[in-house]
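J.: Just dropping this structure here.
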């Protein structure tokens with residue numbers, strides 16, 4: 035059993051790394067097409083091996099540790115960030131009957147482990163011994179901790195509707211239709227809030243003030259170079275994948291095909307498409323939307339960002355939660 | 054106001070002002086002692102209302118400096134050039150006008166940097182373009198430097 | 004050297020940070036020293052001189068034909084208008100009239116330059132505020148305009164097209180057709196830009212009410228150009244002191260009352276439309292004739308002082324030449340618009356946050372080589 039688990043674990047890590055190559059390539063191509071240009075098109079067929087080349091470049095870079103930084107913390111920060119992001123992938127169901135770790139408090143596990151990532155960011159900013167990194171880390175920390183509340187509340191709306199924290203049961207409960215359509219308005223509001231708040235959690239535009247090059251060079255990871263910097267990038271993409279996978283699982287049905295109520299014939303046809311394709315299709319759709327945000331909107335100032343959360347998103351999420359509860363009790367959903 | 058009317062307004066203020074009609078906006082050469090009073094007058098006078106200091110510079114005529122203040126009125130759209138002759142090149146000093154027009158603070162720093170004219174009561178008189186440790190004032194006609202090459 | 008080791012707080016508890024001189028957001032080599040209290044800016048102090056090339060001193064040893072071209076490198080985004088200012092001053096000194104054809108060509112080139120400059124400004128405003136995509140769209144339009152310049156003048160950025168007496172060579176035969184095509188392309192895109200950036204809620208939140216410059220302050224600090232027009236100061240030189248044929252062209256002076264960054268932004272967006280309208284009025288009506296008036300090979304201005312102002316994309320550029328009859332100017336002073344505009348920055352940024360400072364600087368539209376000359 036142990037060897038099987040170890041092999042599964044290692045293959046998961048390998049899968050995640052390959053996924054990040056693909057996500058990096060997708061980001062650059064999506065950006066390029068939105069900006070009327072081509073993007074990477076030299077390394078490999080149509081530029082697909084570009085990120086591999088970038089990773090090899092980062093491997094060869096000199097890994098500088100600033101003289102007066104706190105060495106232990108400086109070295110450990112990237113690992114904290116990467117480990118927490120990889121841990122969250124465990125309970126996600128990639129396909130029917132394919133889940134690495136079926137924990138019965140799946141939603142709680144995901145929520146709590148992903149919030150540990152902020153520790154890595156704060157440690158990185160502090161230990162760099164640099165005014166700019168410190169400011170960037172503080173901003174990041176404040177942002178992430180605030181937006182976790184909205185993320186949690188929107189996840190709870192679906193937990194209320196299904197009555198279970200287990201990710202598998204949530205997917206199975208969407209047999210007759212995805213929660214996004216079954217739960218109509220309150221769940222759609224929760225979905226929109228989840229997407230906005232997760233973009234803020236990921237430190238991506240329009241909430242990427244912490245890494246805004248135009249203002250504070252690169253924020254909390256200014257002093258990092260070489261492989262440690264690559265780890266920060268890796269964790270950002272893994273988090274992106276995780277957030278989209280959770281959104282897909284909870285709101286869009288995970289690996290459950292698109293069923294329309296009781297139309298047997300239609301459902302039967304939909305079932306022919308393998309569930310793993312459904313899962314990845316939905317996940318990449320949400321990833322595409324989050325990438326689309328980045329290249330369209332200007333960024334928010336830090337006080338506007340926190341205002342958005344505390345004065346708008348949080349009250350709306352709380353009211354929405356009450357609506358969802360009422361809806362669940364009165365059985366007003368499909 | 055055209056040149057004649059401006060001349061009248063200026064002569065009305067003081068009789069020691071000399072006029073130079075050949076230049077495009079009217080030029081008025083003021084003795085250094087009456088300079089500050091004239092500037093305040095031009096700013097406050099309702100008929101002329103020179104509320105805009107276009108630029109301020111200095112011309113090095115080898116034996117004296119001539120400071121040039123180019124004033125403009127945004128309401129009447131007329132210009133005038135007020136000039137002050139500073140005889141002593143090595144110890145040239147004049148009153149600052151940065152309390153009258155805020156932009157003068159920086160034009161005066163530029164003149165100090167490049168010519169060496171000191172402005173009394175200036176809030177922050179130091180070099181603006183060159184290093185603080187630079188010696189000499191480059192735009193003077195007699196400035197030399199070991200890096201200069203004769204063509 | 005450790006920063007945490009020494010005292011980084013001043014006596015008032017303020018944190019000093021240097022922004023620049025190498026920084027992706029300051030449009031050139033500008034060193035700003037910021038006194039911060041947390042995120043709030045208490046004081047901004049610009050430090051200049053990183054690109055001081057003493058163009059004024061150099062001009063004293065160049066001939067009247069050559070010194071014009073050094074000014075292309077001052078405000079390089081309005082290079083044509085800088086050259087035009089110098090050429091007009093020399094022509095004033097010589098007392099010559101330039102032919103109508105040359106005047107109209109100068110206006111067309113100036114407006115094309117203004118359009119290209121405002122496009123670059125729009126792209127870099129989006130970039131500074133975090134929206135990366137407008138930068139690419141703006142440069143696509145700018146490339147089209149620079150293609151026109153290259154066809155006629157031979158160069159894209161520093162055209163060196165104006166000479167005392169007119170323009171250096173006649174326009175390319177394809178000029179009118181090419182310009183009309185490019186104007187069609189740009190007109191259709193300007194509304195798209197309004198949708199992308201101007202109407203965006205986040206953009207408005209970042210620029211409305213940010214960096215307010217009152218009308219009195221604008222006049223006292225000598226601010227000109229779209230920056231002053233955003234505060235309600237009517238100062239368009241093309242309107243009140245027309246030169247080179249501008250009196251015959253119909254266009255509006257755009258004024259906004261707000262004085263904040265959003266007002267300055269809207270002024271420039273509307274000015275782009277006005278520039279297109281001027282070009283369309285003139286493109287089919289270029290008079291025939293000479294493109295250059297006859298001047299001697301070696302130009303010598305008579306003894307005296309000459310001043311001419313033009314409206315560049317950033318404000319009022321003034322050229323003041325003092326001549327003592329020789330073949331080189333005795334003293335040239337460039338009244339650069341960016342020099343005066345920059346020093347309004349400390350009062351606009353005080354009390355705001357660093358994010359606001361970036362928004363203010365992008366709507367001030369500074370080009371640093373023009374400040375340092």
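Chains as they are written, first to last, in my numbering: chain S, 35 to 368; chain L, 54 to 204; chain A, 4 to 376.
Where a beta carbon is used, it is the ideal one built from N, C-alpha and C, also for glycine.
Since we're looking at a predicted model, the values are computed, not measured.
When you compare the CB of residue 189 of chain A with every CB in chain S, is at least one pair closer than 8 Å?
T.: Not an interface residue.
J.: Note down, in chain order, each residue of its chain lying with its Cβ closer than 6 Å to the Cβ of residue 364 of chain A, except the 5 sequence neighbours on either side.
T.: Excluding positions up to five away in sequence, the list is empty.
J.: Below 7 Å between beta carbons is the criterion; list the residues of the segment 213-227 of chain A that meet it against any residue of chain L, in chain order.
T.: Listed in sequence order: 222, 223, 224 and 225.
J.: Check whether chain L comes within 8 Å of residue 249 of chain A, counting only Cβ atoms and requiring the distance to be less than that.
T.: Residue 249 of chain A does not count as touching chain L.
J.: Taking only runs of the alpha helix (DSSP H) that begin and end inside the segment 142-195 of chain S, which ones reach a length of at least 4 residues, in chain order?
T.: You should have 151-161.
J.: Ignoring anything shorter than 3 residues, give me the beta strand (DSSP E) runs that lie fully in the segment 249-326 of chain S, in order along the chain.
T.: Runs found: none.
J.: Using a Cβ cut-off of 8 Å, pull out every chain A residue sitting near residue 207 of chain L, in sequence order please.
T.: Residue 207 of chain L cannot be examined here, being either before or after the span of chain L that is shown, 54 to 204.
J.: What does the alpha-carbon distance come out to for the pair residue 5 of chain A and residue 147 of chain S?
T.: Per-residue confidence for residue 5 of chain A stands at a pLDDT of 38, beneath the threshold of 50, marking its modelled position as unreliable; the derived number appears in the next sentence. Residue 5 of chain A and residue 147 of chain S: Cα-Cα distance of roughly 35 Å.
J.: To which residues does DSSP link residue 312 of chain A through a beta bridge?
T.: In the DSSP output, where bridge partners are listed per residue, residue 312 of chain A has A:321.
J.: Classify residue 202 of chain L as helix, strand or coil using the three-state DSSP reduction.
T.: Coil at residue 202 of chain L, not helix or strand.
J.: Roughly how many angstroms lie between the CA atoms of residue 101 of chain A and residue 245 of chain A, to the nearest whole one?
T.: Rounded to the nearest angstrom, the two C-alpha atoms are 15 Å apart.
J.: Below 8 Å, how does it come out for the segment 171-183 of chain L and the segment 135-151 of chain L: are there three or more Cβ pairs, yes or no?
T.: A contact exists between the segment 171-183 of chain L and the segment 135-151 of chain L.
J.: Does the CB of residue 331 of chain A have a neighbour CB from chain L at under 8 Å?
T.: Residue 331 of chain A does not count as touching chain L.
J.: Only counting the same chain, and skipping five residues up and downstream in sequence, which positions put a Cβ closer than 6 Å to that of residue 182 of chain S?
T.: For residue 182 of chain S, where only same-chain residues beyond five positions count, the Cβ hits under 6 Å are 149.
J.: What does the alpha-carbon distance come out to for the pair residue 366 of chain A and residue 314 of chain A?
T.: Those two C-alpha atoms are separated by around 18 Å.
J.: List the endpoints of the continuous beta strand (DSSP E) containing residue 80 of chain L.
T.: Here the beta strand (DSSP E) through residue 80 of chain L covers 79-83.
J.: In whole angstroms, give me the CA-to-CA distance for residue 126 of chain S and residue 134 of chain S.
T.: Cα to Cα, residue 126 of chain S sits roughly 7 Å from residue 134 of chain S.
J.: At a CB-CB cut-off below 7 Å, which residues of chain L make contact with residue 334 of chain A?
T.: Those within 7 Å of residue 334 of chain A in chain L are 112.
J.: Decide if residue 363 of chain S is buried, meaning its Cβ has at least 16 other Cβ atoms within 10 Å, or exposed.
T.: Classification of residue 363 of chain S: exposed, given that the 10 Å Cβ count is below 16.
J.: Within the chosen definition, does the segment 110-121 of chain A reach the segment 268-283 of chain A through at least 3 CB pairs nearer than 8 Å?
T.: Touching, per the Cβ criterion.
J.: Please list the partners that residue 334 of chain S has in chain A, where partner means a Cβ-to-Cβ separation under 9 Å.
T.: Within 9 Å Cβ-Cβ: 133, 205, 208, 209 and 358.
J.: So with CB distances below 8 Å, who are the chain A contacts of residue 222 of chain L?
T.: Only positions 54 to 204 of chain L appear in this structure, which leaves residue 222 of chain L out of reach.
J.: Can you tell me the Cβ-Cβ gap for residue 62 of chain A and residue 70 of chain A, rounded? I've got them flagged as a contact below 8 Å.
T.: About 4 Å separates the two Cβ atoms, so the contact holds.
J.: Run down chain A in chain order and give the residues with a C-beta less than 7 Å from the C-beta of residue 239 of chain S.
T.: Per Cβ cutoff of 7 Å: 133.
J.: Using a Cβ-Cβ cut-off of 8 Å, state whether residue 338 of chain A counts as contacting chain L.
T.: Cβ-Cβ to chain L under 8 Å: yes for residue 338 of chain A.
J.: Would you please verify whether the beta carbon of residue 131 of chain S is less than 8 Å from any beta carbon of chain A?
T.: By this cut-off, residue 131 of chain S is not an interface position.
J.: Can you give me the C-alpha to C-alpha distance between residue 143 of chain S and residue 32 of chain A, rounded to a whole angstrom?
T.: Near 50 Å, if we compare the C-alpha coordinates of residue 32 of chain A and residue 143 of chain S.
J.: Compute the beta-carbon to beta-carbon distance between residue 332 of chain A and residue 326 of chain A, rounded to the nearest angstrom, for a pair I have assumed lies under 8 Å.
T.: At roughly 6 Å, the Cβ-Cβ gap stays under 8 Å, so residue 332 of chain A and residue 326 of chain A are in contact.
J.: What's the gap between the Cα of residue 168 of chain A and the Cα of residue 239 of chain A?
T.: Approximately 24 Å between the Cα atoms of the pair.
J.: Kindly indicate if chain L contains any beta-carbon less than 8 Å away from that of residue 375 of chain A.
T.: Yes, residue 375 of chain A lies at the interface with chain L (some Cβ there is under 8 Å from its Cβ).
J.: Can you find a C-beta in chain A that's less than 8 Å from the C-beta of residue 107 of chain L?
T.: It does: the Cβ of residue 107 of chain L has a partner Cβ on chain A nearer than 8 Å.
J.: Using DSSP with H/G/I as helix, E/B as strand and the rest coil, what is residue 76 of chain S?
T.: Coil.
J.: For a test of the three-state rule: what should DSSP assign to residue 67 of chain A, helix, strand or coil?
T.: Here residue 67 of chain A sits in coil by DSSP.
J.: Who are the near neighbours of residue 119 of chain S in its chain, counting only those whose CB is closer than 7 Å to its CB and skipping five residues on each side?
T.: So the list reads 151, 269, 272, 273 and 276, once near-sequence residues are dropped.
J.: Looking at the C-beta of residue 136 of chain A, does it have a partner C-beta in chain S at a distance below 8 Å?
T.: Yes, contact with chain S.
J.: Assign residue 130 of chain L to buried or exposed, taking buried as 16 or more other Cβ atoms, counted over all protein chains shown, within 10 Å of its Cβ.
T.: Exposed, since its Cβ has fewer than 16 Cβ neighbours within 10 Å.
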